[in-house]
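Residue 189 in my numbering sits at position 152 of the sequence shown; the count goes up by one each step and never skips. Note that CB positions come from ideal geometry on N, CA and C, so glycine has one too. Just so it is clear, the structure is predicted and the values come from calculations on it, not from any experiment. Reviewing the structure listed below.
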Amino acid sequence: MHKTLALAAFISVAPVQPLWAAAQSVASFDVRADGFRFGALTAIYRERPGRRYTITLRGKAQGILGFFLRAGYDGISKGRLLRGGAMQPEVFYARTYRIFKKRVQRVDFVGGRPVKVAIAPRRDMTEMSDPTRVTDLRLDPLSFLGRFIQDRRKGCPAAADMYDGRRLTRVSFAEQTGKDDGHIRCNGTYEIIEGPDHSILPGIRSFPVFLDYAPVDDATGKTGRKGRLRQLQRIEVRSGVNRLVLTRVLPPPEGVTQSAKGG
Numbered sequence: 038m039h040k041t042l043a044l045a046a047f048i049s050v051a052p053v054q055p056l057w058a059a060a061q062s063v064a065s066f067d068v069r070a071d072g073f074r075f076g077a078l079t080a081i082y083r084e085r086p087g088r089r090y091t092i093t094l095r096g097k098a099q100g101i102l103g104f105f106l107r108a109g110y111d112g113i114s115k116g117r118l119l120r121g122g123a124m125q126p127e128v129f130y131a132r133t134y135r136i137f138k139k140r141v142q143r144v145d146f147v148g149g150r151p152v153k154v155a156i157a158p159r160r161d162m163t164e165m166s167d168p169t170r171v172t173d174l175r176l177d178p179l180s181f182l183g184r185f186i187q188d189r190r191k192g193c194p195a196a197a198d199m200y201d202g203r204r205l206t207r208v209s210f211a212e213q214t215g216k217d218d219g220h221i222r223c224n225g226t227y228e229i230i231e232g233p234d235h236s237i238l239p240g241i242r243s244f245p246v247f248l249d250y251a252p253v254d255d256a257t258g259k260t261g262r263k264g265r266l267r268q269l270q271r272i273e274v275r276s277g278v279n280r281l282v283l284t285r286v287l288p289p290p291e292g293v294t295q296s297a298k299g300g
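As C-alpha cells, this is what we get:
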C-alpha cells in the first residue's frame, strides 16, 4: 500500500512553465485501485519569501486496509523559483512506511542536479543512488507534484524528467482530447528510464497515464463552464486489467485555501 501511495505521487503531472500567482494551494485526492478504496493523498504548495517554495505530501491508507497495513507516505521538497516560474529543487525528503517496514530517502540538489543521496536502510539503495550517474537537470517527485496542483490556463503538460534517489523516470503526453464544455483529457506515458521496477508493478517499465481537467470559475474557484482556468480532477494509471485512480476531493480541508488564479 505504501508503494501504491508513493507511486501515485510520483506520476502526478506538470506543465513545463508553472502558471501560478497564489502563495498557497492544496489538492486532496481519494485513491482507489481496481475500484477498492486504498486511502487518500493531500499535497500542499507554499511560496516563501525570496522566491522559495515548499511542497508537502501526505498519503495514508484508510479504513480496514489502513487498520491492517498502517501504511503511509510523508514527503517534503524545498527549492527556488527561477525567472519565468521554473522550479529548481534544493532538497527532497520522503518517508514511506507500513507495519514492520520503513524507508527514508533524501536527495540534495545544486543548480538542479543531484549531488548527494541518503537512503535508509542502505539495502534499498540502487545503482542509480549514485548521483554522479545523473548528468542532466532533474525535478524531484514533489517539485513535479507542486506544478500540477496549480490551476492551468493551457492544455496538456509537456514532458518532465524526475529523480527520487533510486530511479530516473519520465512522463510525456502525446495527445489531447476535449469536449465543447471545456473538459479535456491528456493521454500520456510514465516510463522508468533507469533503476528498479516499482514493486507493485514488477516487470513493467512503462504504462499509460490519463489526466482529466475541468474548467474552473476564475472568481469562485468552482468547477463549471465559465472562466479560462482548468483544474486537474482525476488521474488514472492502467497496467493490463489493473487501474489506479486518483479523484480530486473538493472542497480542500478546513483552514487551507485552494489557489484560484494562474499567472
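C-beta atoms of residue i and residue j nearer than 8 Å
i: lysine 115; j: arginine 89; result: yes
i: arginine 267; j: isoleucine 221; result: yes
i: arginine 175; j: tyrosine 200; result: yes
i: threonine 79; j: valine 68; result: no
i: valine 286; j: phenylalanine 73; result: no
i: leucine 281; j: alanine 70; result: yes
i: arginine 117; j: glutamate 127; result: yes
N-terminal and C-terminal residue of the beta strand (DSSP E) that residue i is part of
i: serine 276; result: 266-276
i: phenylalanine 185; result: Where phenylalanine 185 is concerned, there is no enclosing beta strand (DSSP E), although the alpha helix (DSSP H) it sits in stretches over 178-185.
i: phenylalanine 247; result: 243-253
i: leucine 118; result: 109-118
i: proline 233; result: Taken as a continuous stretch (DSSP letters only), proline 233 belongs to no beta strand (DSSP E), as it is neither H nor E.
i: glutamate 164; result: Element bounds for glutamate 164: n/a, residue is neither H nor E.
i: glycine 64; result: According to the sequence shown, residue 64 is alanine rather than glycine. Segment 61-70, the beta strand (DSSP E) holding alanine 64.
i: alanine 157; result: 150-157
i: alanine 77; result: 73-85
i: glycine 96; result: 89-98
i: aspartate 201; result: Note, aspartate 201: premise wrong, no beta strand (DSSP E); not H, not E.
Selection from the options that minimises the alpha carbon distance to residue i
i: lysine 216; options: Pro252, Glu164, Ser62; result: Pro252
i: leucine 269; options: Arg275, Ser276, Leu283; result: Leu283
i: serine 209; options: Val128, Ala196, Ile113, Gly219; result: Ala196
i: alanine 211; options: Met124, Arg275, Phe247; result: Phe247
i: proline 239; options: Glu164, Gly277, Arg265; result: Gly277
DSSP-derived helix/strand/coil call for residue i
i: glycine 121; result: helix
i: cysteine 223; result: strand
Residue-chain proximity (residue i, chain D), Cβ-Cβ < 8 Å
i: glutamine 99; result: Structure shown: chain D not included; a single protein chain is present.
- Message: I want to know whether the stretch 164-180 touches the stretch 234-244 - three or more CB-CB distances under 8 Å.
- Response: no
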